[in-house]
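Some notes on the structure that comes next.
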Amino acid sequence: GQQLNQSPQSMFIQEGEDVSMNCTSSSIFNTWLWYKQDPGEGPVLLIALYKAGELTSNGRLTAQFGITRKDSFLNISASIPSDVGIYFCAGQAHQAGTALIFGKGTTLSVSS
Amino acid sequence: DGGITQSPKYLFRKEGQNVTLSCEQNLNHDAMYWYRQDPGQGLRLIYYSQIVNDFQKGDIAEGYSVSREKKESFPLTVTSAQKNPTAFYLCASSIDRESYGYTFGSGTRLTVV
Chain A
1 GQQLNQSPQS
11 MFIQEGEDVS
21 MNCTSSSIFN
31 TWLWYKQDPG
41 EGPVLLIALY
51 KAGELTSNGR
61 LTAQFGITRK
71 DSFLNISASI
81 PSDVGIYFCA
91 GQAHQAGTAL
101 IFGKGTTLSV
111 SS
Chain B
1 DGGITQSPKY
11 LFRKEGQNVT
21 LSCEQNLNHD
31 AMYWYRQDPG
41 QGLRLIYYSQ
51 IVNDFQKGDI
61 AEGYSVSREK
71 KESFPLTVTS
81 AQKNPTAFYL
91 CASSIDRESY
101 GYTFGSGTRL
111 TVV
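Same order as they appear, the protein sequences are chains A and B.
Just so you know, our numbering puts 11 at position 11 of the first sequence, and the rest follows in order with no gaps.
Just so you know, our numbering puts 1 at position 1 of the second sequence, and the rest follows in order with no gaps.
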């Protein structure tokens with residue numbers, strides 16, 4: 001099946017630093033979403049993007065839907081310890097009604 | 001409160017046994033999904049159902065089976081044909097087939113010994 005290329009695989013940062021991660025695809029996506037997963041739990045939706053070029057913020061999080069519709073990035077500003085977790089990008093590539101495809105995740109560690 | 005309930009949280013089975021993972025939602029969502037998560041592999045789609053009595057195979061359906069007899073329930077059976085069943089299994093739902101704001105359950109960790 002189709003996969004998204006998500007990078008970096010892991011990040012180790014200091015509290016207060018900004019973080020950036022991205023996802024790319026070989027085909028056009030109609031929808032991009034970013035999820036966060038805490039250990040032993042299910043992912044929780046952070047931001048949803050539905051239009052090429054769209055830039056959306058949710059508190060300290062900002063995400064963009066790439067103009068080419070083949071990529072998206074997520075930025076976290078002024079990181080705090082509770083930002084620790086796995087961040088997944090997800091997208092819908094085909095006709096409406098197909099399930100989301102997920103990236104392999106970026107594991108974020110924050111030291112205080 | 002509405003949500004998705006997966007049970008049990010931890011499950012141990014002997015090799016060669018079938019096992020069924022429960023997923024129940026009270027969100028009145030039409031669509032439901034099963035994903036498998038392995039370390040470093042992200043979430044891979046096993047099966048999904050867009051409406052009662054209908055479901056489609058995902059990318060890794062071999063060795064798994066599902067049913068969707070009720071809107072609220074989407075159980076997943078891991079059969080003995082699944083070669084490497086030990087994993088974290090996540091169930092999700094969405095309002096309808098065109099909504100991508102999935103709500104996930106808290107997962108079931110299956111260990112086959």
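From the three backbone atoms N, C-alpha and C, an ideal C-beta is built for every residue, glycine too.
* Asked: B/Pro85 and B/Leu110: beta carbons closer than 8 Å?
  -> B/Pro85 places its beta carbon less than 8 Å from that of B/Leu110.
* **Interface partners of B/Gln41 on chain A, CB under 8 Å** => By Cβ distance, chain A contributes Lys104.
* Determine contact between the stretch 19-39 of chain B and the stretch 51-71 of chain A, defined as no fewer than three beta-carbon pairs at a distance below 8 Å. => The answer is no - the stretch 51-71 of chain A does not touch the stretch 19-39 of chain B, with fewer than three Cβ pairs under 8 Å.
* Asked: Ordered along the chain, which non-local residues of its own chain (more than five positions away) have a Cβ less than 8 Å from that of A/Gln18?
  -> Here residue 18 of chain A turns out to be Asp, not Gln, going by the sequence shown. Non-local beta-carbon contacts of A/Asp18 in its own chain, meaning distances under 8 Å to residues more than five positions away in sequence, involve Asn75, Ile76, Ser77, Ala78 and Ser79 in chain order.
* To do: Say whether chain A places a C-beta atom closer than 8 Å to the C-beta of B/Ser121.
  => The question about residue 121 of chain B has no answer, for chain B in this structure spans 1 to 113.
* chain A contact residues for B/Tyr64, given Cβ-Cβ distances below 7 Å -> The premise fails here: B/Tyr64 is roughly 15 Å from chain A at the closest Cβ pair, so nothing lies under 7 Å.
* To do: Using a Cβ-Cβ cut-off of less than 7 Å, give me the residues of the stretch 73-88 of chain A that come near chain B, in sequence order.
  => Contacts with chain B (Cβ-Cβ distance below 7 Å) from the stretch 73-88 of chain A involve Phe88, listed in chain order.
* Compare the C-beta of B/Gly101 with all C-beta atoms of chain A and state if any pair is closer than 8 Å. => Yes - at least one Cβ of chain A is within 8 Å of the one on B/Gly101.
* To do: Specify the secondary structure class of B/Asp30 as computed by DSSP and reduced to three states.
  => DSSP places B/Asp30 in coil when its eight states are reduced to three.
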